[in-house]
Amino acid sequence: AGKSAAEIKEVLEAEKLESSIYITLETLKYLKKGGRITPAAAAIGTVLNLKPVLQIQGEKLDAYAKVRGKKQAKRVMLKAAQEDMQERFAEYKKEGLMCIEGAYTGNPEEAEEFKKEIEAAFPGHEVRMAPLSLSVACHIGHGALAVACTKKVKI
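Numbered per the numbering used here, the sequence shown spans residues 140 to 294.
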(Lines of atoms letter the chains of each structure in order from A and count residues from 1; the text may use other names and numbers.)
(Lines give C-alpha, C1' and ligand atoms only; values in the text may rest on other atoms or scores of the structure.)
Protein backbone atom coordinates (compact mmCIF):
# COMPACT_ATOMS: atom_id res chain seq x y z
CA ALA A 1 0.00 0.00 0.00
CA GLY A 2 1.05 3.57 -0.54
CA LYS A 3 3.49 3.12 -3.43
CA SER A 4 4.32 6.02 -5.69
CA ALA A 5 3.64 5.96 -9.42
CA ALA A 6 7.37 5.56 -10.05
CA GLU A 7 7.55 2.55 -7.70
CA ILE A 8 4.54 0.93 -9.37
CA LYS A 9 6.08 1.54 -12.81
CA GLU A 10 9.32 -0.08 -11.61
CA VAL A 11 7.47 -3.22 -10.43
CA LEU A 12 5.51 -3.47 -13.68
CA GLU A 13 8.65 -3.01 -15.79
CA ALA A 14 10.37 -5.79 -13.83
CA GLU A 15 7.38 -8.14 -14.28
CA LYS A 16 6.50 -7.43 -17.93
CA LEU A 17 8.06 -10.65 -19.24
CA GLU A 18 6.14 -12.80 -16.75
CA SER A 19 3.07 -13.22 -18.95
CA SER A 20 1.97 -14.62 -22.28
CA ILE A 21 -0.96 -13.24 -24.25
CA TYR A 22 -2.54 -14.88 -27.28
CA ILE A 23 -5.01 -12.97 -29.47
CA THR A 24 -7.09 -13.94 -32.48
CA LEU A 25 -8.93 -11.51 -34.73
CA GLU A 26 -12.29 -11.66 -36.45
CA THR A 27 -11.06 -9.74 -39.48
CA LEU A 28 -7.75 -8.95 -41.18
CA LYS A 29 -9.00 -5.46 -42.09
CA TYR A 30 -7.22 -3.70 -39.23
CA LEU A 31 -3.92 -5.52 -39.72
CA LYS A 32 -4.09 -4.36 -43.35
CA LYS A 33 -4.94 -0.78 -42.35
CA GLY A 34 -2.07 -0.75 -39.85
CA GLY A 35 0.39 -1.97 -42.48
CA ARG A 36 1.09 -5.26 -40.69
CA ILE A 37 -0.08 -7.29 -43.71
CA THR A 38 -0.38 -6.45 -47.40
CA PRO A 39 -3.76 -5.90 -49.08
CA ALA A 40 -3.17 -9.07 -51.12
CA ALA A 41 -2.47 -11.14 -47.97
CA ALA A 42 -5.61 -9.71 -46.34
CA ALA A 43 -7.73 -10.58 -49.38
CA ILE A 44 -6.40 -14.14 -49.63
CA GLY A 45 -6.67 -14.64 -45.87
CA THR A 46 -10.26 -13.45 -45.87
CA VAL A 47 -11.24 -15.77 -48.73
CA LEU A 48 -9.58 -18.74 -46.98
CA ASN A 49 -11.06 -17.77 -43.58
CA LEU A 50 -7.57 -17.54 -42.09
CA LYS A 51 -7.39 -16.32 -38.52
CA PRO A 52 -4.06 -15.18 -37.17
CA VAL A 53 -3.08 -16.06 -33.63
CA LEU A 54 -0.82 -13.32 -32.32
CA GLN A 55 1.42 -13.65 -29.28
CA ILE A 56 2.57 -10.90 -26.94
CA GLN A 57 5.44 -11.51 -24.53
CA GLY A 58 6.80 -8.39 -22.90
CA GLU A 59 6.81 -5.62 -25.48
CA LYS A 60 7.00 -7.97 -28.47
CA LEU A 61 4.04 -8.80 -30.72
CA ASP A 62 4.60 -11.75 -33.06
CA ALA A 63 2.53 -13.96 -35.33
CA TYR A 64 2.19 -17.28 -33.49
CA ALA A 65 0.05 -19.25 -35.96
CA LYS A 66 -2.32 -18.95 -38.91
CA VAL A 67 -5.32 -21.26 -38.80
CA ARG A 68 -8.61 -21.68 -40.62
CA GLY A 69 -11.56 -20.48 -38.62
CA LYS A 70 -12.06 -18.98 -35.20
CA LYS A 71 -12.83 -22.32 -33.54
CA GLN A 72 -9.38 -23.60 -34.49
CA ALA A 73 -7.79 -20.29 -33.45
CA LYS A 74 -9.32 -20.62 -29.97
CA ARG A 75 -7.99 -24.19 -29.67
CA VAL A 76 -4.50 -23.06 -30.68
CA MET A 77 -4.54 -20.17 -28.18
CA LEU A 78 -5.68 -22.39 -25.31
CA LYS A 79 -3.10 -25.08 -26.11
CA ALA A 80 -0.32 -22.47 -26.28
CA ALA A 81 -1.38 -20.96 -22.95
CA GLN A 82 -1.52 -24.43 -21.36
CA GLU A 83 2.00 -25.18 -22.63
CA ASP A 84 3.25 -21.88 -21.19
CA MET A 85 1.69 -22.73 -17.82
CA GLN A 86 3.26 -26.21 -17.79
CA GLU A 87 6.70 -25.18 -19.03
CA ARG A 88 7.51 -21.50 -18.86
CA PHE A 89 5.53 -20.74 -15.70
CA ALA A 90 5.70 -24.16 -13.97
CA GLU A 91 7.42 -22.79 -10.86
CA TYR A 92 4.96 -19.91 -10.46
CA LYS A 93 2.05 -22.30 -11.02
CA LYS A 94 3.32 -24.59 -8.22
CA GLU A 95 3.46 -21.58 -5.92
CA GLY A 96 -0.09 -20.50 -6.86
CA LEU A 97 1.15 -17.28 -8.44
CA MET A 98 -0.53 -17.55 -11.85
CA CYS A 99 -3.67 -15.83 -13.14
CA ILE A 100 -5.68 -16.74 -16.23
CA GLU A 101 -7.55 -13.97 -17.98
CA GLY A 102 -9.58 -13.53 -21.12
CA ALA A 103 -10.35 -10.41 -23.11
CA TYR A 104 -12.47 -9.45 -26.08
CA THR A 105 -13.56 -6.62 -28.35
CA GLY A 106 -17.21 -5.91 -28.93
CA ASN A 107 -18.92 -9.28 -28.49
CA PRO A 108 -19.72 -10.07 -24.84
CA GLU A 109 -21.80 -13.15 -25.72
CA GLU A 110 -18.92 -14.77 -27.60
CA ALA A 111 -16.59 -13.73 -24.78
CA GLU A 112 -18.74 -15.55 -22.20
CA GLU A 113 -18.63 -18.70 -24.32
CA PHE A 114 -14.85 -18.38 -24.63
CA LYS A 115 -14.56 -17.85 -20.86
CA LYS A 116 -16.21 -21.26 -20.36
CA GLU A 117 -13.68 -22.82 -22.74
CA ILE A 118 -10.82 -21.17 -20.82
CA GLU A 119 -12.24 -22.45 -17.51
CA ALA A 120 -12.44 -25.98 -18.95
CA ALA A 121 -8.82 -25.74 -20.15
CA PHE A 122 -7.59 -24.43 -16.78
CA PRO A 123 -9.57 -26.23 -14.06
CA GLY A 124 -9.06 -24.83 -10.58
CA HIS A 125 -8.16 -21.36 -11.84
CA GLU A 126 -10.44 -18.39 -11.50
CA VAL A 127 -10.84 -16.82 -14.94
CA ARG A 128 -11.54 -13.13 -15.39
CA MET A 129 -12.97 -11.84 -18.68
CA ALA A 130 -12.86 -8.15 -19.59
CA PRO A 131 -13.15 -5.97 -22.68
CA LEU A 132 -9.87 -4.85 -24.23
CA SER A 133 -9.12 -1.15 -23.96
CA LEU A 134 -10.08 1.08 -26.89
CA SER A 135 -6.40 1.86 -27.47
CA VAL A 136 -5.90 -1.83 -28.33
CA ALA A 137 -9.32 -2.52 -29.87
CA CYS A 138 -8.91 0.15 -32.55
CA HIS A 139 -5.89 -1.78 -33.91
CA ILE A 140 -7.47 -5.24 -33.97
CA GLY A 141 -11.15 -4.60 -34.59
CA HIS A 142 -14.46 -6.00 -33.41
CA GLY A 143 -14.71 -9.68 -32.50
CA ALA A 144 -11.18 -10.28 -31.23
CA LEU A 145 -10.58 -12.77 -28.41
CA ALA A 146 -7.56 -13.15 -26.15
CA VAL A 147 -6.29 -15.41 -23.39
CA ALA A 148 -3.46 -14.53 -21.04
CA CYS A 149 -1.53 -16.37 -18.39
CA THR A 150 0.32 -14.01 -16.12
CA LYS A 151 2.19 -14.02 -12.85
CA LYS A 152 0.38 -12.30 -10.00
CA VAL A 153 2.07 -8.99 -9.30
CA LYS A 154 2.53 -7.84 -5.72
CA ILE A 155 2.55 -4.08 -5.39
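The C-beta atom is built at its ideal place from N, Cα and C for all residues, glycine as well.
Bridge partners - residue i, DSSP secondary structure assignment
{"i": "Q194", "result": "Y161, D201"}
{"i": "M237", "result": "K290"}
{"i": "Y243", "result": "P270, L284"}
Cβ of residue i within 8 Å of any chain C Cβ
{"i": "K190", "result": "In summary, chain C is missing from the structure at hand, where a single protein chain is found."}
Segment limits, beta strand (DSSP E) that includes residue i
{"i": "V266", "result": "266–270"}
DSSP three-state assignment for residue i, whether helix, strand or coil
{"i": "G184", "result": "helix"}
{"i": "L284", "result": "strand"}
{"i": "R207", "result": "strand"}
{"i": "L189", "result": "strand"}
{"i": "K142", "result": "coil"}
{"i": "L156", "result": "coil"}
{"i": "H253", "result": "In the sequence on display, residue 253 carries Phe and not His. Helix, per DSSP."}
Residue i versus residue j - alpha carbon distance
{"i": "E226", "j": "G197", "result": "17 Å"}
{"i": "Y231", "j": "E157", "result": "10 Å"}
{"i": "V150", "j": "S272", "result": "22 Å"}
{"i": "K233", "j": "E240", "result": "18 Å"}
Endpoints, the alpha helix (DSSP H) within which residue i is located
{"i": "P176", "result": "Going by the sequence as given, residue 176 is Ile instead of Pro. Run containing I176: none; DSSP gives neither H nor E here."}
{"i": "L170", "result": "168–172"}
Rounded Cβ spacing between residue i and residue j (contact assumed at less than 8 Å)
{"i": "T163", "j": "V192", "result": "5 Å"}
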